[in-house]
Amino acid sequence: MKKILITGGAGFIGSHVVRLFVNKYPDYQVVNLDKLTYAGNLANLKDIENKSNYTFVKGDIVDAAFISDLFATHKFDAVIHLAAESHVDRSISNPLEFVMTNVIGTVNLLNAAKANWTAAPNNRFYHVSTDEVYGTLGETGMFTETTAYDPHSPYSASKASSDHFVRAYHDTYGMDVVISNCSNNYGSYHFPEKLIPLSIYNIKNNKSIPIYGKGENVRDWLFVEDHARAIDVIFHNAKTGTTYNIGGHNEWTNIDLIRLLCKIMDKKLNRAQGESAKLITFVKDRAGHDLRYAIDSTKLQKELGWTPSLQFEEGLEKTVEWYLQNEEWLNNVTSGDYKKYYEQQYTKR
Ligand code: NAD
Ligand code: TYD
């Protein structure tokens, strides 16, 4: 029996982690704590919401008193922390919100864990982080676990800060912590503000696909269910105080990725080949846009035996199919404020 607090479980990656833990570990009690911001959606968990080992709590990790009460009530054995503001573009327009949730929220959780776990040495705090803390690569090389932190965006600066706090609680107070830094995820339940789901949504609706700059920036894409599996493996097997990089060895320039996506969309929507690619529109570049991310996940593969399960083309096709079959989900998350935000977002070059 274990009682695990998963934060941010109504978001994209969090919902996959919650689903995996609830289904795979019927003996664990999973408590999903989420503020339900624009990015959090309980519809992401419809299939498991009635399971007896699952509980949802709505709340804000920035509220220290609330977090302290929650820990006192539930006596968690472990935390898997995913709650965050996660979109780089939003961090450029509103950095403070990222400091509040990603830094202050993480420290609130660490403090509550520290206060409740002093008597029990084996309570694990797992912090889910990003490869963006390492900054940007040039044409060659890869991020390893020993690459120095060099964040550039307010988002990555806030995640780097939270990673440092988590390590500090290990080094200073002896807390059992683990951290993983993962590359860009894609798959179902991804909010359509990020490149892949936004492009699927726009292609479906015959809207332009905004490509920042020349589309030459490189990201290393991993199927979200492979990330959730890696979190499971690391949570159960990593030594205390360790860090693992998670990635799919799957680098794509944005423009090549979008061309591939356009081909898949033409096929799935029965459009003539080349039709969707006509929607590609180059727009003003993102400020401070990191050129290239690439993750070396050899440590995770060698030490814990994890490997990605899907080829990118297969994963992307599955993802497109999911979005086309889940029109109601897509319509719901793109109603309300969504339209206003996106109409203001882009300037054509
Ligand atoms: P997301 O934006 O889809 O979901 C974040 C969730 O956190 C939402 O459900 C939201 O409601 C919740 N949340 C936000 N602020 C909160 C607060 N103050 N209190 C409680 N809940 C709050 O994000 P995601 O893409 O699923 O990312 C999850 C985690 O994984 C983040 O920590 C992110 O930094 C990290 N990560 C993401 C990626 C990626 O490609 N998306 C890659 C590596 C790491
Ligand atoms: P994104 O999905 O926002 O993830 P991240 O910034 O965390 O890597 O962006 C992925 C890449 O796609 C990044 O290089 C920025 C670029 N991009 C576009 O070209 N157009 C868009 O509309 C978005 C959202 C991103």
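Residue numbers (the working numbering): 943 to 1291.
Think of the CB as a built atom: it goes at the ideal place given N, C-alpha and C, for glycine as much as any other residue.
TODO: Could you tell me which residues DSSP puts in a beta bridge with glutamine 971?
DONE: According to DSSP, which records beta bridges pairwise, glutamine 971 is partnered with Lys945.
Open item on the list: the ligand NAD and threonine 1043: does any heavy atom of the ligand fall closer than 7 Å to the residue's C-beta?
Closed with: yes
Open item on the list: Within 10 Å of its beta-carbon, does methionine 1207 have 16 or more other beta-carbons around it, so buried, or fewer, so exposed?
Closed with: By the 10 Å Cβ count, methionine 1207 comes out buried.
Task: Three or more C-beta pairs below 8 Å linking the region 1214–1225 and the region 1149–1159 - done: yes
Open item on the list: Count Cβ pairs between the region 958–972 and the region 1105–1114 that sit closer than 8 Å; are there 3 or more?
Closed with: no
Task: Segments of 4+ residues assigned as alpha helix (DSSP H) that fall wholly inside the region 1012–1067 - done: Look at the region 1012–1067 and you find these whole runs of alpha helix (DSSP H), each 4 residues long or longer: 1030–1035, 1037–1040 and 1047–1059.
Task: Beta-carbon gap between leucine 1258 and asparagine 1196 smaller than 8 Å - done: no
Task: Residue from Val1030, Ile1003, Val1004 and Gly951 whose Cα sits closest to the Cα of threonine 997 - done: The shortest C-alpha separation from threonine 997 is found at Gly951.
Task: Sufficient close CB pairs (3 or more, under 8 Å) joining the region 1111–1124 to the region 1055–1075 - done: yes
Open item on the list: Between Tyr980, Arg1213, Trp1163 and Tyr1280, which has its C-alpha nearest leucine 1252's C-alpha?
Closed with: Trp1163
Open item on the list: Only counting the same chain, and skipping five residues up and downstream in sequence, which positions put a Cβ closer than 7 Å to that of tryptophan 1271?
Closed with: Ala985
Open item on the list: Per the DSSP calculation, glutamate 1193 is bridged to which residue(s)?
Closed with: Asp1162
Open item on the list: So, does the region 1033–1044 touch the region 1087–1101, judging by three or more C-beta pairs under 8 Å?
Closed with: Counting Cβ pairs under 8 Å, three or more are found: they touch.
Open item on the list: So, at 7 Å on beta carbons, what are the nonlocal neighbours of glutamine 1243 in its own chain, with the 5 sequence-adjacent residues on each side left out?
Closed with: Thr1249
Open item on the list: Please return the same chain residues whose Cβ sits closer than 6 Å to the Cβ of asparagine 974, not counting the five positions on each side in sequence.
Closed with: Ile948, Gly951, Val960 and Phe998
Open item on the list: Any heavy atom of the ligand TYD inside 7 Å of the beta-carbon of glutamate 916?
Closed with: Residue 916 is absent from the structure shown; the chain starts at 943 and stops at 1291.
Open item on the list: Using a 10 Å radius around the Cβ and a threshold of 16 neighbouring Cβ atoms, would you call alanine 1057 buried or exposed?
Closed with: Alanine 1057 comes out exposed.
Open item on the list: Based on DSSP bridge pairs, tell me the residues matched to aspartate 1118.
Closed with: Arg1066
Task: Counted within 10 angstroms of its Cβ, other Cβ atoms place aspartate 976 as buried (16 or more) or exposed - done: buried
Open item on the list: Buried or exposed for glutamine 1215, going by 16 or more other Cβ atoms inside 10 Å?
Closed with: exposed
Task: Per-residue DSSP class, three states only, for asparagine 1268 - done: coil
TODO: Using 7 Å as the cut-off, classify the Cβ of asparagine 1159 as near or not near the heavy atoms of the ligand TYD, replying yes or no.
DONE: Result yes, Cβ under 7 Å from the ligand TYD.
- [ ] Report the residue from Glu1167, Ala1229 and Cys1124 whose alpha carbon sits nearest the alpha carbon of tyrosine 1186.
- [x] Checking every option, the nearest Cα to that of tyrosine 1186 belongs to Cys1124.
TODO: Confirm the yes/no value for this check: CB of proline 1152, any heavy atom of the ligand TYD, distance under 7 Å.
DONE: yes
Task: Between the CA atoms of leucine 1233 and glutamate 1158 - distance to the nearest angstrom - done: CA-CA distance, glutamate 1158 to leucine 1233, rounds to 8 Å.
Open item on the list: Could you check if valine 1275 belongs to the surroundings of the ligand TYD, using beta carbon to heavy atom distance under 7 Å?
Closed with: no
- [ ] Note down the Cα distance separating threonine 1289 from glycine 1080, rounded to an integer number of angstroms.
- [x] In this prediction, threonine 1289 scores a pLDDT of 49, lower than 50, which makes its location untrustworthy; no coordinate-derived value is stated.
Task: Straight-line Cα distance separating isoleucine 1022 from histidine 1293 - done: What is shown of the chain runs 943 to 1291, which leaves residue 1293 out entirely.
TODO: Would you mind sorting lysine 988 into buried or exposed? The rule is 16 or more other CB atoms within 10 Å of its CB.
DONE: Within 10 angstroms of the beta-carbon of lysine 988 lie fewer than 16 other beta-carbons, which makes it exposed.
Open item on the list: Is any non-hydrogen atom of the ligand TYD found closer than 7 Å to the C-beta of leucine 1140, if you look at the structure I gave you?
Closed with: yes
Open item on the list: For lysine 944 and glycine 1155, I'd like the C-alpha separation in whole angstroms.
Closed with: 48 Å
Task: Any non-hydrogen atom of the ligand NAD within 7 Å of lysine 977 CB - done: yes
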